[in-house]
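Residue numbers (the numbering used here): 200 to 601.
Even for Gly, the Cβ is constructed at its ideal location relative to N, Cα and C.
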């Protein structure tokens, strides 16, 4: 009988590049930046890594379709290296594959790494596809990501009978909170304080989403080395172990876009993945047991709706929690986007999931300055959402102290 991943895998080391408009670096440079920090943090030699999983989405501007190129520039020691992608959950999938390989007993020490060079696409948002020919360019020419997620806001407001002014208040608070956290993080792309008044008066992108309600495009990389708890204890004798508590992925089945029971106001995959993750981790009350979160805030309304889909806020109750500061870094019950989130890091697709886990890892090891610390943190949750509200993939990881 399946028993899940809980406590079968430990995070031995992690690394993260600076995110931003990294014109001076290519994808290989970013990956090396994250990998070197990760290897040093793990305290092992490269020859001890037995397998690797590489996550990247837009292969044409990154490191190619196969993993051979990555294996070459990282100079990995003739080990199996696999490239994978799954929309915006790509980096979490690399982490999941590495963790499963260790939990299965196939390998002792495995690398997961994700990178993306979105600025090199020359496109203001996410490109329409890997092969962007004339046909793909004009297909859905009036369908934009802000427009699609703006519909999530109107559907949510209609379902719960919440005035759009209140929705705007909540999502403005979310953006201000994330910028305040990101301003303190030297690796973030956007580091500036904004006000709720600025959010509300910003240029409208797709009603009700203004400029400050949308995450940016950036370059970045992050990496993790995982192993068994026994090996980790032997190598990290004087350090708390950080263990994997849950890893769950849920993909759309077609019900959202093909049947009438989905009303456009929530993410079905997130609800399923969250329920399974809590069961796997042995969490009974996530509102009380989860210490902190990094969620997929591609748009501020996505974060708001996700608070309910993760079963933290009651259905229709995210507004009250957000405005009460429940998700704020200081004084909040479950601080969210503790390093600034996608809002301040941008979203290099192949790197974001591991960057989020890195934020949890640093907090759990008490490696962040006091002004950024989540007091008494025990469990950290990350959430990725890839695709559109009606057809997507959700990935959730939970890591925690031993």
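{"query": "Opposing strand residues paired with residue 596 [DSSP bridges]", "result": "446 and 581"}
{"query": "Among 536, 586, 559 and 399, nearest to residue 598 - alpha-carbon criterion", "result": "559"}
{"query": "For residue 397, the nearest candidate out of 385, 371, 406 and 408 (CA to CA)", "result": "371"}
{"query": "The segment 231-240 / the segment 419-435 touching (three or more Cβ pairs under 8 Å)", "result": "yes"}
{"query": "For residue 654, three-class secondary structure by DSSP", "result": "Residue numbering for the chain in the displayed model covers 200 to 601; residue 654 lies beyond these limits and cannot be assessed."}
{"query": "Straight-line gap, residue 462 to residue 580 (C-alpha atoms, nearest Å)", "result": "27 Å"}
{"query": "Same chain, Cβ closer than 7 Å to residue 601, neighbours up to 5 away in sequence not counted", "result": "439, 440 and 442"}
{"query": "For residue 240 and residue 278, the rounded distance between their alpha carbons", "result": "21 Å"}
{"query": "Beta bridge counterpart(s) of residue 591 as assigned by DSSP", "result": "586"}
{"query": "8 Å Cβ cutoff met for residue 434 and residue 473", "result": "no"}
{"query": "Given residue 450 as reference, the closest of 287, 225, 226 and 518 once Cα atoms are compared", "result": "287"}
{"query": "Cα-Cα separation between residue 366 and residue 492, rounded to whole angstroms", "result": "21 Å"}
{"query": "Contacting residues, own chain, Cβ-Cβ under 7 Å from residue 578 (five flanking each side not counted)", "result": "444, 488, 489, 490, 597 and 599"}
{"query": "Cβ-Cβ distance between residue 255 and residue 314 below 8 Å", "result": "yes"}
{"query": "Residue of 300, 522, 215 and 290 minimising C-alpha distance to residue 593", "result": "290"}
{"query": "For residue 285, three-class secondary structure by DSSP", "result": "strand"}
{"query": "Per-residue DSSP class, three states only, for residue 333", "result": "In this prediction, residue 333 has a pLDDT of 41, which is less than 50 and means its spatial position is unreliable; nothing more can be read from the coordinates."}
{"query": "Per-residue DSSP class, three states only, for residue 190", "result": "Any question about residue 190 goes unanswered here, given that the chain covers just 200 to 601."}
{"query": "Coarse secondary structure for residue 244, derived from DSSP in three states", "result": "coil"}
{"query": "Endpoints, the beta strand (DSSP E) within which residue 315 is located", "result": "308-316"}
{"query": "Proximity to residue 292 [Cα-Cα], best of 586, 552 and 572", "result": "552"}
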